[in-house]
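Right, one structure below, let's go through it.
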Amino acid sequence: MKQLKRANARLYSGALQFAVLTGLVVALLLTALITLQNTHTFFINQSEASVENITLSNSGISFLLTQTKNITDTIQLPQLSGKNHKVQVHLSKWGIFEKASSKASHRKKNFMRVALLGTQITRQKRPALYLEDNLKPLIVVGHTILQGTIFLPGQGIKPGYIAGESFNGVQLFQGNSKTSAKELPDFRKNYRQDLTRMMNDVRYNQTNLSIETARTKIVNSFSLPTKTIYSKGEIALANTYMVGNIVIKSETSIIVKKNTVLKDVILMAPTIAIEDEVTGNFQAFSDHRITVGKNCTLAYPSALVLMEVPQKGRQLSDLGDHSILVDSGSTIAGTICYLKSAVGNDFKTQVYLNSDAVIKGEVFCEGNFEMRGKVHGSVFTEQFIVNEAGSVFINHIYGGEITALDFTDSFCGLPFKDNPKGIAKWLY
Numbered sequence: 001m002k003q004l005k006r007a008n009a010r011l012y013s014g015a016l017q018f019a020v021l022t023g024l025v026v027a028l029l030l031t032a033l034i035t036l037q038n039t040h041t042f043f044i045n046q047s048e049a050s051v052e053n054i055t056l057s058n059s060g061i062s063f064l065l066t067q068t069k070n071i072t073d074t075i076q077l078p079q080l081s082g083k084n085h086k087v088q089v090h091l092s093k094w095g096i097f098e099k100a101s102s103k104a105s106h107r108k109k110n111f112m113r114v115a116l117l118g119t120q121i122t123r124q125k126r127p128a129l130y131l132e133d134n135l136k137p138l139i140v141v142g143h144t145i146l147q148g149t150i151f152l153p154g155q156g157i158k159p160g161y162i163a164g165e166s167f168n169g170v171q172l173f174q175g176n177s178k179t180s181a182k183e184l185p186d187f188r189k190n191y192r193q194d195l196t197r198m199m200n201d202v203r204y205n206q207t208n209l210s211i212e213t214a215r216t217k218i219v220n221s222f223s224l225p226t227k228t229i230y231s232k233g234e235i236a237l238a239n240t241y242m243v244g245n246i247v248i249k250s251e252t253s254i255i256v257k258k259n260t261v262l263k264d265v266i267l268m269a270p271t272i273a274i275e276d277e278v279t280g281n282f283q284a285f286s287d288h289r290i291t292v293g294k295n296c297t298l299a300y301p302s303a304l305v306l307m308e309v310p311q312k313g314r315q316l317s318d319l320g321d322h323s324i325l326v327d328s329g330s331t332i333a334g335t336i337c338y339l340k341s342a343v344g345n346d347f348k349t350q351v352y353l354n355s356d357a358v359i360k361g362e363v364f365c366e367g368n369f370e371m372r373g374k375v376h377g378s379v380f381t382e383q384f385i386v387n388e389a390g391s392v393f394i395n396h397i398y399g400g401e402i403t404a405l406d407f408t409d410s411f412c413g414l415p416f417k418d419n420p421k422g423i424a425k426w427l428y
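Numbering follows our numbering, with no gaps: position 290 of the sequence shown is 290.
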């Protein structure tokens, strides 16, 4: 009897242990399921917050595309902000472009978008040529090709003759012809002043990045402060790799050598020399001269800008000392811009495009444009010029080609008045 009671006690004890163990396993499983569910819900919420941040940040960029004035202070957009999220935007200058920044925050999660903004002209509205009305006809010589809508002086277009060669094309132009005004299309308000301020900005007259460091690899995000290289003497860029939010400024000259990689940076100097076979994409600003050697490839959205600085006692005859020269075999996808400080014109070349050189974008010249190469996009110029056989021919094109046919609508360049903004490039 006692043995039976002991057996029953052991049975009850084992059953109790089994029940406790089973309960523990069930509790652990339930805890795991609850934890899994909470984790799953957490990641869903995080994913939704990330998607919402991206969407809100894009909406902030869309807002900046509609603005006509700089937003120099970071502002919060109440129409895009709520209880748990906010959107802050900032609009500043980066060369010829605007730099648009939009930061969306959801509690502790942040997402930032940065883009370069420029003017976007649709294919239907983009002119192949806008020649200022200087009361002289446009004369075409040799195998000159003009395709697209062209704006000409009231005297129109005529075939011509230079050094024993006449016009040998099929048509004087292919497309529509309209009458131009006595001035080139204007930029948005204060644009020239903004460029002048940028070139004279004392913040760039300091060095917080050495060229020796750049000989390895320097990438500076546009969400970080700008890094600068400054010198009163010549800066020679050789065996350097610099990408992003970087400004390189010299008080005398900058030389870019073949073995240098520059992407999205800004160069500023009175004289800028880009040697043969350089590749990259950057913006170069000068008040005296920019030269591009043979067989260079500058990717979109590059820009070469020469802006004359008014000087006391400066004579009009000195205009020709200021020029942008692009040598044969080079291709530039972006903008070439020459802005003068004096009123009037002379018989010197301000922008020179050699044979077999190609511009894919815009050429804007407040002076004389000597064009031997090709422009796929638009030319806005005060006057054409040809230097041949010891003579100077005004408003002549000798064997050049300008076409706006099939030019992309996505190109964004100079901020022409009354034209919408577009995104030239997403930054990092």
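Don't be surprised by glycine CBs; every beta carbon is placed ideally from N, CA and C.
Please check the pair N419 and Q120, which I expect to be a contact at CB under 8 Å, by giving their CB distance rounded to whole angstroms. That pair is a contact at about 7 Å.
Burial state of Q37, where buried means 16 or more other Cβ atoms lie within 10 Å: Exposed is the call here.
Keeping to the same chain, check which residues put their C-beta closer than 8 Å to that of T207; ignore five residues upstream and five downstream. The beta carbon of T207 is closer than 8 Å to those of T228, I229, Y230, S231 in its chain, skipping five residues each way along the sequence.
Alpha helix (DSSP H) segments (min. 4 residues) lying fully within the segment 205-248: Runs found: 211-214.
Could you give the C-beta distance for L184 and Y130, rounded to a whole number, given that I count them as a contact under 8 Å? Separation of the CB atoms of L184 and Y130 is rounded to 7 Å, and the pair is thereby assigned contact status at 8 Å.
Distance between T35 and A414 (C-alpha atoms, nearest Å): First, the residue type needs correcting, since residue 414 is Leu and not Ala in the sequence shown. Using only the alpha carbons, I get a separation of about 56 Å.
Beta-carbon proximity list for W426, same chain, < 6 Å, skipping 5 on both sides: The beta carbon of W426 is closer than 6 Å to those of A115 in its chain, skipping five residues each way along the sequence.
Taking the alpha-carbon positions, what's the R289 to D321 distance? Going from the Cα of R289 to the Cα of D321 covers about 8 Å.
Is the CB-CB distance between E388 and A163 below 8 Å? Result yes, Cβ atoms of E388 and A163 sit closer than 8 Å.
Could you tell me how far apart the beta carbons of V358 and E370 are, in whole angstroms, since I believe they sit closer than 8 Å? That pair is no contact at about 16 Å.
Determine the contact status of S286 and I274, defining contact as a CB-CB distance below 8 Å. Going by C-beta atoms, S286 is not nearer than 8 Å to I274.
Can you give the Cα-Cα distance for S317 and F347, rounded to whole angstroms? Only weak support is given to the placement of S317: the predicted model assigns it a pLDDT of 41, under 50, and the question is left unresolved by the model.
Taking the alpha carbon of Q79 as the point to measure from, which residue in V89, I71, Y338 has its own alpha carbon closest? Selected option, being the one with the closest Cα: V89.
Could you tell me whether the segment 388-401 touches the segment 98-115, where touching means 3 or more Cβ pairs closer than 8 Å? By the Cβ criterion, the segment 388-401 is not in contact with the segment 98-115, since fewer than three pairs of Cβ atoms, one from each stretch, lie closer than 8 Å.
Please give me, in chain order, every unbroken run of the alpha helix (DSSP H) with length at least 4 that falls completely inside the segment 269-323. DSSP runs (the alpha helix (DSSP H)) wholly in the segment 269-323: none.
Following the continuous alpha helix (DSSP H) through Q67, name the residue where it begins and the one where it ends. Going by DSSP, Q67 is part of no alpha helix (DSSP H) at all; its letter is neither H nor E.
Could you spell out the range, first to last residue, of the alpha helix (DSSP H) harbouring P192? Before going further, note that residue 192 is Arg rather than Pro in the sequence given. In the DSSP annotation of this structure, the continuous segment of the alpha helix (DSSP H) that includes R192 starts and ends at 191-199.
I need the straight-line Cα distance from Q315 to S250, nearest angstrom please. Per-residue confidence for Q315 stands at a pLDDT of 46, beneath the threshold of 50, marking its modelled position as unreliable; the derived number appears in the next sentence. Computed Cα separation, rounded: 25 Å.
Does the contact criterion of 3 or more C-beta pairs under 8 Å hold for the segment 137-149 versus the segment 214-223? Taking 8 Å as the limit for Cβ pairs, the verdict is that the segment 214-223 does not touch the segment 137-149.
State the beta-bridge partners of V358 as determined by DSSP. V358 pairs with T331, K374.
Going by the CB atoms, is the gap between V379 and V326 shorter than 8 Å? Not in contact: V326 and V379 (Cβ atoms no closer than 8 Å).
How would you label L64, buried or exposed, when you count the other beta carbons within 10 angstroms and need 16 or more for buried? Buried: at least 16 other Cβ atoms inside 10 Å.
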